[in-house]
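See structure below.
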Amino acid sequence: MGPLIFARLYALKSLWTITGCRSAGRALVTALGSTDEGERTVAGMLLVQGGKRAEPLVAEAIRRREHLPIVLLIAADIGASSLEPELRRLTTDPDPEVARAAHDALEILTTGQR
Amino acid sequence: MAPNLYGAQDRFDWSGGYSVAARALGGARLNTWVQQHNLAGLDLFAHSHGGSVSMVASQAGTQVGRMILLSCPVHWPQYMPAFNRVNRVISIRVHLDLVILADGGGQRFYDPRIEEHVLPLWFDHSLSHDPATWQQYNVPAWL
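Chains as they are written, first to last, in the numbering used here: chain A, 1 to 114; chain B, 1 to 143.
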C-alpha cells in the first residue's frame, strides 16, 4: 500500500466520521475486500476506530455476506453486542472460515465485556 | 533445522482482530497452545499485532527463545515482552510503516533489550514478511 491509497482511506474515514456520509463508510467496507493486504488492514482499523458508528455498516455487510470473516471480527472489535444473535447464528455456517470467525468474534465480545 | 510449526495441522493462529480484547484472547490462546505442545523456548516469528500477541503470551508465562517482531506497532508499556522469559527480541521494520501509522502505534522500540533493524524500504507493512525481502537484504543474518 502506497501513500495515495493511505490518504484516500483517511479521507474516507474523515468524511464518514465528520459528516456522517454513509457512502464513505461503505467505501471503507468495500476496501476490506482489496487484494492489497495493507489496504484491507487499514480499512479494518479505521472502521474499528469509528466505534459504534460502524455498527450499521457492519450489520449491513453481514446481511449481504460481504467480506464475512473480517466483518465478523470487526463487529466484535467494536463491541457490537446487538449483533450477537447474528454471530451466534453464523457459528454453524457451512463455510468453515465464517463459522470459525463467528466463534472468535463471540469470544472477543465476551473478553471485551469483562 | 527447527520444525515448521506454522504448517502443522494443529498450528497456532489467532483471529487477527483489531482490538485489545482480540489480542488478549490471542495471547492467552498462544500461551495455552505452547504449554499443550511442550514447546517452551520456541522461536516466535510474529507480524504486526501478532507481535503484541507474542508479548501477551510471554507475560502469561510462555518461555520464548527468539521473539522476532516483523513490522510490530509499538504500544509501550501496554505491550512489552516479559524479558525474563525471552532470550532475544529482534524487531525488523520498514521506514514510516503506513499501517502502523493508522494503528496509532510507535514506529520503533527504544528499549535497548530489543535489537532493532530497519530495512531500507518505505511505507509497506507487508514487506518485512516477504521472502524476497529476506533474501535481498539477508535478514537471516540478523537473527
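Cβ coordinates follow ideal geometry from the N, Cα and C atoms, glycine included.
These figures come from a predicted structure and were not determined experimentally.
Interface residues of chain B facing residue i [CB-CB closer than 7 Å]
i: Glu-107(A); result: Leu-25
i: Glu-37(A); result: Ser-126
i: Gly-112(A); result: Ser-19 and Ala-21
Residue i, buried or exposed, once every other Cβ within 10 Å from all chains shown has been counted against 16
i: Tyr-18(B); result: buried
i: Asp-77(A); result: buried
i: Ile-70(A); result: buried
i: Thr-62(B); result: buried
Coarse secondary structure for residue i, derived from DSSP in three states
i: Arg-88(B); result: strand
i: Glu-66(A); result: coil
i: Pro-56(A); result: helix
i: Ala-46(B); result: strand
i: Trp-122(B); result: strand
i: Ile-145(B); result: No statement about residue 145(B) is possible, as the shown extent of chain B runs from 1 to 143 and does not include it.
i: Arg-93(B); result: strand
i: Ile-114(B); result: strand
i: Gly-17(B); result: coil
i: Gly-38(A); result: helix
i: Gly-51(B); result: helix
i: Gly-104(B); result: coil
Residue i versus residue j - alpha carbon distance
i: Leu-5(B); j: Trp-33(B); result: 11 Å
i: Phe-6(A); j: Ala-102(B); result: 9 Å
i: Pro-140(B); j: Trp-134(B); result: 7 Å
i: Arg-8(A); j: Leu-83(A); result: 29 Å
i: Leu-57(A); j: His-67(A); result: 12 Å
i: Ala-80(A); j: Lys-52(A); result: 7 Å
i: Trp-76(B); j: Glu-86(A); result: 36 Å
i: Val-74(B); j: Met-1(A); result: 20 Å
i: Gln-78(B); j: Ala-57(B); result: 13 Å
i: Gly-112(A); j: Ile-92(B); result: 30 Å
Partners in chain B for residue i, counting only beta-carbon separations shorter than 8 Å
i: Pro-3(A); result: Leu-98 and Phe-123
i: Leu-83(A); result: Result: empty, since nearest Cβ-Cβ is about 14 Å, beyond 8 Å.
i: Leu-73(A); result: Ser-15, Gly-16, Gly-17, Tyr-18 and Ala-22
Residues that residue i contacts on chain A, provided the C-beta gap is smaller than 7 Å
i: Asp-103(B); result: Met-45
Cross-chain neighbours of residue i in chain B, by beta carbon under 9 Å
i: Glu-76(A); result: As written in the sequence, residue 76(A) is Ala, which differs from the Glu given in the question. Neighbours of Ala-76(A) on chain B, chain order: Ser-15, Gly-17, Ser-19, Ala-21 and Ala-22.
i: Thr-92(A); result: The contacting residues do not exist; Thr-92(A) stays about 18 Å from chain B at best.
i: Asp-95(A); result: None at all; the shortest Cβ gap to chain B is about 16 Å.
i: Val-48(A); result: Gly-17, Tyr-18 and Ser-19
Cβ-heavy atom distance, residue i to the ligand FMN, below 7 Å
i: Leu-47(A); result: The ligand FMN is absent from the structure shown, which contains no ligands of any kind.
Original post:
If you pair each beta-carbon of the stretch 79 to 99 of chain A with each one of the stretch 35 to 46 of chain B, do three or more pairs fall below 8 Å?
Top reply: Verdict: no, contact absent.
Subject >> Inter-stretch contact (C-beta, 8 Å, three-pair minimum) for the stretch 122 to 139 of chain B and the stretch 88 to 105 of chain B >> reply: yes
**OP:** State whether the stretch 16 to 29 of chain A contacts the stretch 86 to 93 of chain B, with contact taken as three or more CB pairs (one from each stretch) at a distance under 8 Å.
**Re:** Verdict: no, contact absent.
Subject >> Cβ contact (3+ pairs, closer than 8 Å) linking the stretch 108 to 116 of chain B and the stretch 12 to 23 of chain A >> reply: In short, these stretches do not touch, since the Cβ pair count stays below three.
Original post:
Does the stretch 112 to 120 of chain B come close enough to the stretch 28 to 44 of chain A that 3 or more CB-CB pairs lie under 8 Å?
Top reply: no
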